[in-house]
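In the numbering used here, the protein residues as written are 153 to 301.
Even glycine gets a Cβ: it sits at the ideal position worked out from N, Cα and C.
As structure tokens, this is what we get:
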């Protein structure tokens with residue numbers, strides 16, 4: 153009977169750790185916050201595609217006077233003059249300890265592509281994304297807020 157109790161306890165702990173890990177997963181919909189204005193900028197849906205995280209813009213928060221479906225006029229190559237809504241701006245991130253790393257993030261405002269690393273904070277309710285260009289000591293950090301799992 154003691155072995156059965158230990159087995160049930162072990163299974164329960166393993167299941168609880170999976171639930172916590174799922175809650176802290178970056179997969180879901182995130183509200184991005186503008187670095188300069190501190191106002192909501194967009195909603196990005198992060199999903200796992202072939203073992204890598206990808207993030208796609210699904211909504212922009214724009215003033216009525218602004219273009220509601222802007223194009224990425226600062227982007228290069230295939231993304232140049234493509235609609236920002238529907239654009240993949242985060243790709244290639246793989247699990248690396250407490251982070252997802254090794255991928256890229258695009259800033260559609262200036263067309264720059266940064267090396268990216270991200271991790272969840274606050275029990276999976278916030279996402280910290282760090283962007284780096286080359287080996288530059290300058291790091292750009294954004295914090296996004298979870299909207300839905």
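Next item on the list: Would you list the one or two residues that DSSP bridges to residue 194?
Entry: One-based indexing of the chain shown puts residue 194 at position 42. In the DSSP output, where bridge partners are listed per residue, residue 194 has 184 and 212.
Check: Curious, which full-length beta strand (DSSP E) runs of at least 3 residues does the segment 268-301 contain?
Finding: With a minimum length of 3 residues, the continuous beta strand (DSSP E) runs that stay inside the segment 268-301 are 278-284 and 291-300.
Item checked: Of the residues 284, 177, 210 and 264, the one placed nearest residue 226, counting alpha carbons only -> Here residue 226 refers to the residue found at position 74 of the chain shown. Answer by Cα proximity: 264.
Notebook entry, point to check: How long is the line joining the alpha carbons of residue 228 and residue 250, rounded to whole angstroms?
Noted result: The count along the chain shown starts at 1 and reaches residue 228 at position 76. The count along the chain shown starts at 1 and reaches residue 250 at position 98. Approximately 32 Å, taken between the alpha carbons.
Note to self: By the DSSP assignment, the beta strand (DSSP E) with residue 246 in it spans what residues?
What the structure shows: As a position in the chain shown, residue 246 is number 94, starting the count at 1. Where residue 246 is concerned, the enclosing beta strand (DSSP E) stretches over 240-248.
Checklist line | Given residue 301 as reference, the closest of 285, 287 and 276 once Cα atoms are compared | finding: Counted from its first residue, the chain shown places residue 301 at position 149. Looking at the Cα atoms, 276 is the closest of the given residues.
Checklist line | Pair within 8 Å by beta-carbon distance, residue 192 and residue 213 | finding: The residue labelled residue 192 in the question sits at position 40 within the chain shown. The residue labelled residue 213 in the question sits at position 61 within the chain shown. A Cβ-Cβ contact shorter than 8 Å links residue 192 with residue 213.
Checklist line | Contact set for residue 262: own chain, Cβ-Cβ below 8 Å, skip 5 residues either direction | finding: Walking along the chain shown from the start, residue 262 turns up at place 110. Same-chain partners within the cutoff: 226.
Next item on the list: Measure the C-alpha to C-alpha separation of residue 95 and residue 266 and round it to an integer number of angstroms.
Entry: The question about residue 95 has no answer here: the residues shown for the chain are numbered 153 through 301.
Check: Nearest CA to the CA of residue 210: which residue from 254, 199 and 247?
Finding: Translated into the one-based positions of the chain shown, residue 210 becomes position 58. With distances taken between Cα atoms, residue 210 lies closest to 199.
Next item on the list: Leaving out five residues on either side along the sequence, give the residues of the same chain with a beta carbon under 6 Å from the beta carbon of residue 295.
Entry: In the chain shown, the residue the question calls residue 295 occupies position 143. Non-local C-beta neighbours of residue 295 in its own chain, meaning closer than 6 Å and more than five positions away in sequence, comprise 278 and 280, ordered along the chain.
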